[in-house]
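Enquirer:
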Amino acid sequence: MALPVATDLSIDDLPDDVLKRVFLLAGTRYGPAIVGVCKRWAWLYWEHSELWRHLTISAEEPDQPSLAAASPSAPLIMFVEHQQAYQQRRLAGWQVAKRAQLQRVGHLVEAATFQDRTELGRGDSRLQISALLPLLSPTLGALSLPWAREEQALLLPRFSQLTSLEIAADGGVSAILPRLGALKRLKLQGGSHGSQLATALQQLSALTSLELEGCFDADVAHLRRLQQLRHLVLRSNNWPPREPTRPPPPAGFASLESYSFVVNRPFGGVQLADFQLTRLRFQPCQDASAEQPVDAASCGRPGCLLIGGLLAGAAWEGDEELLDDDGDSDSDSDSGSEAGAEQPPPPSARQLNSLLEVALPPGAALQQLTLSHCVLQAATLHRLPALASLQYLEVQDCSSRSGSMDGPLQALVQLAPALTSLHFEAPRGRPAGRAQARCCLRSCPAYLLAHPCLRSAVVLNRQLVEWDMEEALRRLPSIAAAAPVLEHLVTDGFAFMPPALATVTSLRSLAFLDQPEFEFNGDTVALALALPHLTSLTLPQLTPFEQQAAYHLRHARPGFSLQVQPKEQTGEQEEGTANPCVIS
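Following UniProt numbering, the residues of the sequence shown are numbered contiguously, the last one being 584.
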């Protein structure tokens with residue numbers, strides 16, 4: 001039955017709050033159509049405070065004239081002149097419309113963003129910042145300018161309540177910053193940043209976030225005066241670097257939470273330091289256009305800098321050894337340094353414990369740590385006091401002086417009682433023999449099963465070895481008595497499902513990878529069913545006969561997912577190419 005249609009209602013009967021919500025969803029794109037309906041709509045549109053709270057003023061490049069549209073009978077130069085005159089009239093009309101718009105809604109704008117992606121934006125021929133800025137409210141809270149000349153930057157102090165400023169300018173900013181006392185966030189691009197800027201920033205007591213991009217002095221340690229900073233980003237454009245820029249150690253800031261230092265090069269960026277103070281990563285800096293670490297010649301520095309070495313003021317090259325003061329460098333290290341090359345600093349400058357002390361402010365708790373391309377020593381790791389609050393640990397492409405990674409990995413796990421996630425991965429494509437053994441685990445890391453907080457573990461040994469879990473468990477207390485909490489396990493060290501896993505009743509997902517001869521039979525099905533919470537199992541490959549046995553899991557446990565790696569992707573499978581088939 002058709003519903004009756006009310007004929008006594010019109011669009012004018014909509015309440016103001018409903019119309020304002022419609023205008024907010026439509027945006028300013030349909031403004032000309034809205035204001036042309038009636039005076040009531042136009043008044044609601046122009047006085048809609050939420051609609052104009054965040055205003056973006058964008059000057060896009062006008063459409064280029066198509067040469068194919070020129071008349072064959074008309075000279076081409078006359079057509080181009082006509083198009084240029086049309087574009088100038090169009091630009092003049094756009095500028096008049098923007099001024100009229102800001103005259104009506106400028107008092108409602110709380111955050112203004114000027115965008116100009118054209119080549120003329122730097123010269124301010126389209127945006128006319130000098131004419132538009134005075135039309136904004138003095139209570140403006142956030143402002144973003146693509147490029148501002150010195151005389152335009154002098155207009156900023158009228159915004160006394162400005163809390164966020166993004167500006168690109170050659171100069172004149174240091175003089176006006178002390179007059180912006182409420183500023184909390186500053187992003188400054190272009191020009192040269194030296195001690196004068198730091199002196200001006202020191203007068204901004206509310207400043208907590210600072211991002212600088214440009215040419216820095218060789219020493220920017222004067223930024224340590226800004227003890228109230230919580231976020232610091234430095235992007236240096238010094239090239240060629242006459243003297244290496246040394247950023248201040250983050251431990252010199254009392255409240256710093258995130259820190260980044262980047263050097264931009266004309267042939268790709270070199271990122272020297274980028275981490276949060278609860279997330280540290282020690283890794284050789286890499287050229288964006290190369291696969292290998294940057295060497296001394298291409299980087300323009302005395303050596304390849306690590307994040308830890310950079311913060312400690314040391315220059316390192318090759319694979320780094322994190323040793324204690326009484327440790328000696330490994331004579332057969334894979335760093336690849338040739339005889340006669342510049343030697344690294346003494347071991348005391350490369351101590352992992354000292355690097356953490358430099359990187360972490362007093363009282364900071366390290367929650368995530370990534371070690372990459374490092375030579376570790378278990379005796380040194382036992383002296384680390386900063387891992388008590390560690391929750392995520394990642395060890396990639398590392399090696400050990402003792403001949404295997406068993407000791408260092410176990411030492412790291414034992415030092416992190418609050419660890420909830422572990423990712424260990426040996427390097428791919430390394431030569432066989434002693435060099436490969438130093439990067440892998442010889443025995444099964446069964447101690448992971450008894451960890452009181454570990455819930456997720458990825459252990460990829462990258463070589464075909466069969467671990468003996470039963471032998472490893474004999475050296476540990478009962479797993480059942482330890483009340484394991486491990487839920488997700490990914491490994492490649494077993495050719496069959498170990499019976500000892502049946503005691504880890506907390507497991508929810510299991511993955512056995514890169515073992516082409518993995519054995520799947522009735523015992524595997526029984527072990528999988530013995531785990532009450534197991535819902536996902538990933539295997540390297542299955543023969544047609546084994547696939548038939550896998551269907552028992554489907555009937556015995558509805559919703560169970562069995563993922564199988566295709567045969568051609570086992571073994572030396574490239575990362576990110578997994579395309580498992582699912583039997584469910």
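All residues carry an ideal CB built from backbone N, CA and C; glycine is no exception.
What you are looking at is a predicted structure, and each value in this text was computed from that prediction instead of being measured.
Using a Cβ-Cβ cutoff of less than 6 angstroms, which residues in the same chain neighbour S209 once the five nearest sequence positions on both sides are dropped?
Expert: Counted from its first residue, the sequence shown places residue 209 at position 209. Excluding sequence neighbours, S209 sits near R185, H231.
Enquirer: Pick out whichever of A131, Q161, H222 has its Cα sitting closest to the Cα of Q95.
Expert: On the sequence shown, residue 95 is found 95 positions in, with the first residue counted as 1. Closest option to Q95, Cα to Cα, is A131.
Enquirer: Just to confirm my understanding: we take L19, look at its own chain, exclude 5 residues before and 5 after, and list those with CB closer than 6 angstroms. What are they?
Expert: Residue mapping note: residue 19 aligns to position 19 of the sequence shown, counting from 1. Counting only Cβ-Cβ distances below 6 angstroms, and skipping sequence neighbours, we find L44.
Enquirer: Short check: CB of L448 to CB of A418, under 8 angstroms?
Expert: Sequence index remark: in the sequence shown, residue 448 carries index 448 (1-based). Sequence index remark: in the sequence shown, residue 418 carries index 418 (1-based). Cβ atoms of L448 and A418: not closer than 8 angstroms.
Enquirer: On a Cα-Cα basis, can you pick out the residue from S506, S443, G27, T28 that is closest to D492?
Expert: Position 492 of the sequence shown, counting from 1, holds the residue named residue 492. Checking every option, the nearest Cα to that of D492 belongs to S443.
Enquirer: Check whether the Cβ atoms of T56 and Q103 lie closer than 8 angstroms to each other.
Expert: The count along the sequence shown starts at 1 and reaches residue 56 at position 56. The count along the sequence shown starts at 1 and reaches residue 103 at position 103. Taking 8 angstroms as the Cβ cut-off, T56 and Q103 do not qualify as a contacting pair.
Enquirer: From L234 to S372, what distance separates their C-alpha atoms?
Expert: Taking the first residue of the sequence shown as 1, we reach residue 234 at position 234. Taking the first residue of the sequence shown as 1, we reach residue 372 at position 372. Between L234 and S372, the C-alpha separation is close to 23 angstroms.
Enquirer: Nearest to S402 by alpha carbon, out of Q377, L393, Q414?
Expert: The residue you call residue 402 lines up with position 402 of the sequence shown. Of the candidates Q377, L393, Q414, the one whose C-alpha sits nearest the C-alpha of S402 is Q377.
Enquirer: In or out: L197 buried (at least 16 other Cβ within 10 Å) or exposed?
Expert: Taking the sequence shown and counting its residues from 1, one reaches residue 197 at position 197. Around the C-beta of L197, 16 or more other C-beta atoms lie within 10 Å, and the residue is accordingly described as buried.
Enquirer: Use the C-beta contact count for S400: other C-beta atoms within 10 angstroms, 16 or more gives buried, fewer gives exposed.
Expert: One-based indexing of the sequence shown puts residue 400 at position 400. By the 10 Å Cβ count, S400 comes out buried.
Enquirer: Rounded to the nearest angstrom, what separates N461 and S236 at their Cα positions?
Expert: To locate residue 461, count along the sequence shown from 1; it is residue 461. To locate residue 236, count along the sequence shown from 1; it is residue 236. One C-alpha to the other measures close to 39 angstroms.
Enquirer: Around the Cβ of Y30, are there at least 16 other Cβ atoms within 10 angstroms (buried) or fewer (exposed)?
Expert: Position 30 of the sequence shown, counted from the start, is the residue given in the question as residue 30. Exposed, since its Cβ has fewer than 16 Cβ neighbours within 10 Å.
Enquirer: Give me the Cβ distance between V458 and P484, rounded to the nearest whole Å; I'm assuming they're in contact under 8 angstroms.
Expert: Walking along the sequence shown from the start, residue 458 turns up at place 458. Walking along the sequence shown from the start, residue 484 turns up at place 484. Contact doesn't hold; Cβ gap of about 17 angstroms is too wide.
Enquirer: For the candidate residues L180, L531, A168, A502, whose alpha-carbon lies nearest to that of L207?
Expert: As a first step, residue 207 must be located in the sequence shown, where it is residue number 207. By alpha-carbon distance to L207, the top candidate from L180, L531, A168, A502 is L180.
Enquirer: Using three-state DSSP, classify V458 as helix, strand or coil.
Expert: Working through the sequence shown from its first residue, we reach residue 458 at position 458. Of the three classes helix, strand and coil, the one that applies to V458 here is strand, per DSSP.
Enquirer: Who does K187 pair with in a DSSP beta bridge?
Expert: In the sequence shown, the residue the question calls residue 187 occupies position 187. E166, E211, per the DSSP bridge assignment.
Enquirer: Would L513 and H533 be called neighbours here (beta carbons separated by less than 8 angstroms)?
Expert: As a position in the sequence shown, residue 513 is number 513, starting the count at 1. As a position in the sequence shown, residue 533 is number 533, starting the count at 1. Contact: no.
Enquirer: Does DSSP classify H488 as helix, strand or coil?
Expert: Here the question's residue 488 lines up with position 488 in the sequence shown. H488 falls in the strand class under three-state DSSP.
Enquirer: Closest by CA to S561, which one among T139, T538, S260, L133?
Expert: Reading the sequence shown from its first residue, position 561 is the one you call residue 561. Nearest option by C-alpha distance: T538.
Enquirer: DSSP has Q396 in a bridge; who is on the other side?
Expert: On the sequence shown, position 396 is the one that residue 396 refers to. Beta-bridge pairing links Q396 to S372, E425.
Enquirer: Mapping DSSP to helix, strand and coil, what is A206?
Expert: Taking the first residue of the sequence shown as position 1, residue 206 is located at position 206. Of the three classes helix, strand and coil, the one that applies to A206 here is coil, per DSSP.
Enquirer: Provide the residue span of the alpha helix (DSSP H) that contains V18, from first to last.
Expert: Taking the first residue of the sequence shown as 1, we reach residue 18 at position 18. Per DSSP, V18 belongs to the alpha helix (DSSP H) from 16 to 26.
Enquirer: Alpha carbon to alpha carbon, how far is Q396 from L409?
Expert: The sequence position of residue 396 within the sequence shown is 396, counting from 1. The sequence position of residue 409 within the sequence shown is 409, counting from 1. Approximately 11 angstroms, taken between the alpha carbons.
Enquirer: Check whether the Cβ of A495 lies closer than 8 angstroms to any Cβ atom in chain D.
Expert: Absence of chain D from the displayed structure is noted, only one protein chain being present.
Enquirer: Helix, strand or coil: how does DSSP classify L130 here?
Expert: Position 130 of the sequence shown, counting from 1, holds the residue named residue 130. Per the sequence presented here, residue 130 reads as Ser, with Leu not at that position. Looking at S130 - three-state DSSP - the assignment turns out to be helix.
Enquirer: Count the other CB atoms, across all protein chains shown, that sit within 10 Å of the CB of F518; report buried if there are 16 or more and exposed otherwise.
Expert: Numbered from its first residue, the sequence shown carries residue 518 at position 518. So F518 counts as buried.
Enquirer: Which same chain residues end up closer than 8 angstroms to V35 when comparing Cβ atoms and leaving out the 5 residues on each side of it in sequence?
Expert: On the sequence shown, residue 35 is found 35 positions in, with the first residue counted as 1. Cβ neighbours of V35 beyond the five flanking positions: W41, A42, Y45, W46.
Enquirer: Among L412, E150, E151, L162, which one has its Cα closest to the Cα of L136?
Expert: In the sequence shown, counting from the first residue as 1, residue 136 sits at position 136. Among L412, E150, E151, L162, the Cα nearest to that of L136 belongs to L162.
Enquirer: Assign V105 to one of two classes, buried (16 or more other C-beta atoms within 10 Å of its C-beta) or exposed (fewer than that).
Expert: As a first step, residue 105 is located in the sequence shown; it is residue number 105 there, counting from the start. Result: buried.
Enquirer: Given this structure, state the Cα-to-Cα distance separating P138 from Q101, to the nearest angstrom.
Expert: Counted from its first residue, the sequence shown places residue 138 at position 138. Counted from its first residue, the sequence shown places residue 101 at position 101. The straight-line gap from Cα to Cα measures roughly 17 angstroms.
Enquirer: Does the beta-carbon of T524 have 16 or more other beta-carbons within 10 angstroms, so that it is buried, or is it exposed?
Expert: In the sequence shown, the residue the question calls residue 524 occupies position 524. When all chains shown are included, T524 counts as buried.
Enquirer: Near R428, what residues of its chain come up, given a Cβ to Cβ distance below 7 angstroms and the 5 sequence neighbours on each side ignored?
Expert: Looking up residue 428 in the sequence shown gives position 428. For R428, where only same-chain residues beyond five positions count, the Cβ hits under 7 angstroms are R462.
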